[in-house]
Amino acid sequence: MLLVGIGTSDDAGVYKLNDTTALIQTVDFFTPVVDDPYLFGQIAAANSLSDVYAMGGKPLTAMNLVCFPSCSLGGEVLLDILRGGQEKVAEAGAVIVGGHTIDDAEPKYGLSVTGLIHPDRVWTNASARPGDCLILTKPLGTGILATAAKAELFPAGVAAATESMAALNRNAAETAARFAVSACTDITGFGLLGHLYELAFASGVRLEVESSALPLLPDAQEAAAMGLVPAGAYANRSYLETVAFASAVAESIRDLCYDPQTSGGLLLSLPEDQAGKLLAALHNAGIAGAALVGQVTGTGGGEILVK
Amino acid sequence: MSNEIDARGLTCPQPVIATKKALDTMTAGVVTTIVDNGAAKENVVKLAVASQCGVSVEEKQGHYYIRITKGPASAAKAAEQSQTTTGATVYLITKDTLGHGSEELGAVLMKSFLYTLTETQPLPRTLMFINSGVRLTTAESPLLIHLQTLAGGGVQILSCGTCLDYLGLKERLAVGEVTNMYTIVSELSAGKAVTL
């Protein structure tokens, strides 16, 4: 039976096979966000695998989805992309079992991923509770720094963003699995506020975010302040109607809240008495960027106040 | 010296890069960047503010003409080109929001007030910021562009030094100058004074 479908805009579909096993299924692919083909493969794979971790599951198998301009780019470029993807899947303890390639003017890469989870331990985005604390496991700013990369500015920030995007959410998910997580989602194209809204709306709650606590990639705020903000951030801003900012929150921070992320961190909602311990556990596990960024302040319809 | 950059049809971040190149190669002057979408307009305006330039935007038939003035000489030139003279009104702005009852509404009202001031003839003589009002003249202020436009038009922008110190914002002042109570009292007697 279907445990999680499209109704709550969750990260993956979950289908119960029997009392101890449910199947997780997800797919994601996109155009290059970095120049290096191997790193592109790594980032795209990490991004696709993340949706399994966001449900609390473990990836099992994956299939390649490839669009490639065989006339204008050499075969070794495609080999590098696939090698990046394959090594990331191996790092997740899963295996690539095939894939499909079509010719296309613009290269695209990603994975369809199948994972497993115990039916009683699924993390949806629809069960955050009033009083919960919100923890984010990766710093923000990949969209802004990808724009900076196109402008050939802020190389240190761009390098940090690349490393962050290529990192698997495996460690974070496995650490959080030891705690009583209420709800979880991962932060990707709709930005922090877009995915927080999905979580809040599905859970029937309202949230508060503490902007001074947000983990940011190096150079990201400066890049945002000088106008290296992708169109997607403005699109996210005009789409969301239930967000309010305190007047002191700087414009650059607001842009970072709407900035579309590629392969972002996990956003975990869990009871207040567990949050401090989870944060310490994440830091001990080497996830230095994890931070407590807000709380669930009551029931509601997805309202978010950023202080 | 005036430069025009037609950035219509260019993908992000080309409008910002082209404008930055033009601003980097001049010590003072005016650059007008033309863009055809809201995201590009917002971004070029941000660049201008981050580069400590005055900026104003005009919309014509769905395209945005972003006029950026750079350099110490540009304040005089912008005042001359826009043919405005400052009048005699002095505003004392005592907090960073306008009115009482709702902070959120107050922020919206202050934004609207400062923007409307930039469109008013003649411009005020001086704007003086005290208490939480000094937050509006710092680098983090979302209303900085309006104050820079006013400064570019010859309006004196003064922020109380005691208040900046108290709030820990002395290093964050981004427009105008630091002032003291003697100057504030002096200015209040100089012309028509309005307290917000």
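Protein chains in written order, with our numbering: chain A, 1 to 307; chain B, 1 to 196.
Cβ coordinates follow ideal geometry from the N, Cα and C atoms, glycine included.
As assigned by DSSP and simplified to three states, the class of residue i
| i | result |
| --- | --- |
| M181 (chain B) | helix |
| G298 (chain A) | strand |
| P260 (chain A) | coil |
| K95 (chain B) | coil |
| A183 (chain A) | strand |
| P119 (chain A) | helix |
| I130 (chain B) | coil |
| L153 (chain A) | coil |
| L266 (chain A) | strand |
| S141 (chain B) | coil |
| F190 (chain A) | coil |
| K307 (chain A) | coil |
| E80 (chain B) | Because E80 (chain B) carries a pLDDT of 47, less than 50, the predicted location of this residue cannot be relied on, and no value is offered for it. |
| L188 (chain B) | helix |
| R170 (chain A) | helix |
| K277 (chain A) | helix |
| S74 (chain B) | Confidence at S74 (chain B) is low in this model, with a pLDDT of 45, below 50, so its placement is unreliable and the value that follows should be read with caution. DSSP places S74 (chain B) in helix when its eight states are reduced to three. |
| N3 (chain B) | strand |
| R83 (chain A) | helix |
| H146 (chain B) | helix |
| C163 (chain B) | helix |
| N43 (chain B) | helix |
| A48 (chain B) | helix |
| A193 (chain B) | strand |
Within chain B, partners of residue i - CB distance below 8 Å
| i | result |
| --- | --- |
| Y234 (chain A) | G38, A39, E42 |
Candidates the options, of which the one nearest residue i by Cα
| i | options | result |
| --- | --- | --- |
| V46 (chain A) | A:D19, A:S164, A:D36, A:A22 | Inspection of the sequence shows that residue 46 (chain A) is occupied by Ala rather than by Val. A46 (chain A) has its Cα closest to that of A:S164, out of A:D19, A:S164, A:D36, A:A22. |
| L39 (chain A) | A:V306, A:A167, A:P215 | A:A167 |
| T20 (chain A) | A:A94, A:V97, A:D120, A:G110 | A:D120 |
| Y182 (chain B) | B:A88, B:L158, B:G38 | B:L158 |
| Y239 (chain A) | A:T124, A:Y258, A:K88 | A:Y258 |
| S51 (chain B) | B:N37, B:Q61, B:G38, B:I17 | B:I17 |
| L184 (chain A) | A:F190, A:N125, A:A233 | Looking at the sequence shown, residue 184 (chain A) is not Leu but Cys. For the residues A:F190, A:N125, A:A233, the minimum Cα distance to C184 (chain A) belongs to A:N125. |
| V52 (chain A) | A:D186, A:R237, A:Q274, A:E272 | A:D186 |
| A235 (chain A) | A:L282, A:F190, A:D132 | A:F190 |
| Q261 (chain A) | A:L278, A:H195, A:V181 | A:H195 |
| L217 (chain A) | A:E210, A:V158, A:V33 | A:V158 |
| C53 (chain B) | B:E187, B:V134, B:G176 | B:G176 |
| L279 (chain A) | A:A290, A:D273, A:P271, A:E272 | A:A290 |
| G7 (chain A) | A:G99, A:P271, A:L199 | A:L199 |
| A146 (chain A) | A:P230, A:G301, A:M1 | A:P230 |
| L109 (chain B) | B:T118, B:D96, B:T120, B:E119 | B:D96 |
| L196 (chain B) | B:A7, B:T11, B:A40, B:N131 | B:N131 |
| S269 (chain A) | A:D219, A:A180, A:S252 | A:A180 |
| E251 (chain A) | B:G161, B:T25, B:E42, B:F113 | B:E42 |
| G133 (chain B) | B:A39, B:E119, B:L114 | B:L114 |
| S316 (chain A) | A:W123, A:A148, A:L73 | This structure leaves residue 316 (chain A) out entirely; chain A is present only between 1 and 307. |
| G38 (chain B) | A:T299, A:A281, A:R237 | A:R237 |
| V155 (chain B) | B:E171, B:R172, B:Y166, B:L117 | B:L117 |
| L10 (chain B) | B:T138, B:V35, B:A174, B:L188 | B:V35 |
| D104 (chain A) | A:L82, A:L65, A:G300 | A:L65 |
| T61 (chain A) | A:A244, A:S50, A:V89 | A:V89 |
Rounded distance between the beta-carbons of residue j and residue i, thought under 8 Å
| i | j | result |
| --- | --- | --- |
| Y91 (chain B) | L136 (chain B) | Not confirmed; about 12 Å, so no contact. |
| E208 (chain A) | G294 (chain A) | 5 Å |
| V296 (chain A) | P130 (chain A) | 5 Å |
| V44 (chain B) | G227 (chain A) | 6 Å |
| K20 (chain B) | L47 (chain B) | 6 Å |
| G87 (chain B) | P142 (chain B) | Incorrect: roughly 26 Å between the Cβ atoms, too far for contact. |
| Y197 (chain A) | I102 (chain A) | Incorrect: roughly 34 Å between the Cβ atoms, too far for contact. |
| L153 (chain A) | A223 (chain A) | 7 Å |
| N314 (chain A) | G286 (chain A) | Residue 314 (chain A) falls outside the range modelled here, since chain A spans only 1 to 307, and no answer is possible. |
| A246 (chain A) | V306 (chain A) | 7 Å |
Under 8 Å by beta carbon: chain A residues contacting residue i
| i | result |
| --- | --- |
| V16 (chain B) | A151, M226, G227, L228 |
| T97 (chain B) | S247 |
| A22 (chain B) | The contacting residues do not exist; A22 (chain B) stays about 14 Å from chain A at best. |
| E103 (chain B) | A246, S247 |
Residues that residue i contacts on chain B, provided the C-beta gap is smaller than 7 Å
| i | result |
| --- | --- |
| T147 (chain A) | C12, P13 |
Listed by chain order, chain A residues near residue i by CB distance under 9 Å
| i | result |
| --- | --- |
| R135 (chain B) | S247, A248 |
| K46 (chain B) | A224, A225, M226, G227, L228, V229, E251, S252, D255 |
| E59 (chain B) | Here the premise fails: no neighbours, minimum Cβ distance about 16 Å. |
| E140 (chain B) | A248, V249, A250, E251, S252, I253 |
| A151 (chain B) | Neighbours of A151 (chain B) on chain A: none; closest Cβ ~18 Å, over 9 Å. |
Residues that residue i contacts on chain A, provided the C-beta gap is smaller than 7 Å
| i | result |
| --- | --- |
| A107 (chain B) | S247 |
In chain order, what residues of the segment 218-245 of chain A put their CB closer than 7 Å to some CB of chain B?
A225, M226, G227, L228, V229, P230, A231, Y234, A244
Could you run through the segment 248-272 of chain A and flag, in chain order, every residue whose CB is less than 9 Å away from some CB of chain B?
A248, V249, A250, E251, S252, I253, R254, D255
For the segment 164-179 of chain B, which residues have a beta carbon sitting closer than 9 Å to at least one beta carbon of chain C?
Of the protein chains in this structure, namely A and B, none is chain C.
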